[in-house]
Amino acid sequence: GYRVSLQGNFFGRNHTYITFPEYNPRKHIKLDPPLNIQSNVTASKCQIWWSVPWYLVEILQYEFQYKEHSMSWESALNKTPPSSLPQIEIEATELRSGVAYIARVRCKVSENEDSYCSQWSEWSQTTVFQRADIPKLSEKILNTRTMQFLFIPLSLGTLFYLFWNCKLSSRYCCFFTSGQKASPALIFPLQLLSFSHSIICTMGILR
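No gaps in the numbering here: position 61 of the sequence shown is 757 in this note's numbering, and each next residue is one more.
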């Protein structure tokens, strides 16, 4: 270690004051703040990372803060990264939709490190991010597409049913004369044509 003393001339006399009888520079470190803090937001989470000298990565710990952009830092939320890696994640559920956030980070030597000891660095520069919402389809579009998917198989099934009944009925029906009721052999084709026209009109509306 070292001995740190303070010398000065007071009232015409030289005085020496011992400030630190045993001073170890390794125990009194103040690091530079982390650099290049950046963020990337997805629908499920926000990833934030920063840079520190590579030879310090394994012995540092961090304090991370974030807040709504319009709020003061006194109301900021603190988070501690789970490891010494210079990164952290925020779940999307912790962020409000449509609100811009700002974040910063600082570092110091980990308390688990015996060889060095430091105080917190100054805060880093900031990064701004905002929750990314999943685009939602309107109910009208969703209902229209649902109806289209359901309507097509139902329509084909109904057409097949009418065609099958028409085929069966034609085996037992005869021609009709004036004043007689129309036989099922003629009624079913008319129903089939009418229903087909309804399907075409309905599909046009759904589009």
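C-beta: ideal position from N, C-alpha, C; glycine also.
query = From the DSSP output, which residues share a beta bridge with ILE784?
reply = Counting from one through the sequence shown, the residue named residue 784 turns up at place 88. According to DSSP, which records beta bridges pairwise, ILE784 is partnered with ILE744.
key: Exposure label - TRP750; buried when at least 16 CB within 10 Å   = Numbered from 1 along the sequence shown, position 54 holds the residue referred to as residue 750. Classification for TRP750: exposed.
query = ILE744 to THR776, Cα distance in whole Å?
reply = Taking the sequence shown and counting its residues from 1, one reaches residue 744 at position 48. Taking the sequence shown and counting its residues from 1, one reaches residue 776 at position 80. Straight-line Cα distance between these residues: approximately 12 Å.
request  = Sort out for me which residues DSSP pairs THR789 with in a bridge.
outcome  = As a first step, residue 789 is located in the sequence shown; it is residue number 93 there, counting from the start. For THR789, no pairing in a beta bridge is given by DSSP.
task = Return helix, strand or coil for LYS877, following the three-state DSSP convention.
result = For the purposes of this step, residue 877 is taken as residue 181 along the sequence shown, with counting starting at 1. Only weak support is given to the placement of LYS877: the predicted model assigns it a pLDDT of 48, under 50, and the question is left unresolved by the model.
request  = Can you give me the Cβ contacts of PHE760 inside the same chain, cut-off strictly under 6 Å, excluding the 5 residues immediately before and after it?
outcome  = Locating residue 760 in the sequence shown gives position 64, counting from the first residue. Closer than 6 Å at Cβ, skipping near neighbours: LYS775, ILE784 and VAL801.
query = Counting along the chain, where does the beta strand (DSSP E) carrying LEU727 start and finish?
reply = Position 31 of the sequence shown, counting from 1, holds the residue named residue 727. For LEU727, no beta strand (DSSP E) encloses it, and the DSSP letter there is neither H nor E.
task = Let me know if LYS804 comes out buried or exposed under the rule of 16 or more other beta-carbons within 10 Å of its beta-carbon.
result = In the sequence shown, counting from the first residue as 1, residue 804 sits at position 108. It counts as buried.
ask   = Where does the unbroken beta strand (DSSP E) through TYR796 begin, and where does it stop?
value = Along the sequence shown, one-based indexing puts residue 796 at 100. In the sequence as displayed, the identity of residue 796 is Ala instead of Tyr. Residues 796 to 805.
message = Taking 8 Å as the limit between beta carbons, can you name the residues of its chain near THR822, skipping five residues before and five after?
response = Indexing the sequence shown from 1 puts residue 822 at position 126. Cβ neighbours of THR822 beyond the five flanking positions: ILE733, ILE798, ALA799 and ARG800.
ask   = Three-state secondary structure (DSSP) at SER735?
value = Here residue 735 refers to the residue found at position 39 of the sequence shown. Of the three classes helix, strand and coil, the one that applies to SER735 here is strand, per DSSP.
task = Can you have a look at SER768 and say buried or exposed, based on whether 16 or more other CB atoms are within 10 angstroms of its CB?
result = If you number the sequence shown from 1, residue 768 lands on position 72. Per the 10 Å Cβ criterion, exposed.
request  = Use the C-beta contact count for ILE725: other C-beta atoms within 10 angstroms, 16 or more gives buried, fewer gives exposed.
outcome  = In the sequence shown, the residue the question calls residue 725 occupies position 29. By the neighbour-count rule (16 or more Cβ atoms within 10 Å), ILE725 is not buried but exposed.
request  = Give the secondary structure of SER811 by DSSP, where H, G and I count as helix, E and B as strand, and everything else as coil.
outcome  = As a position in the sequence shown, residue 811 is number 115, starting the count at 1. Looking at SER811 - three-state DSSP - the assignment turns out to be coil, as it is neither helix nor strand.
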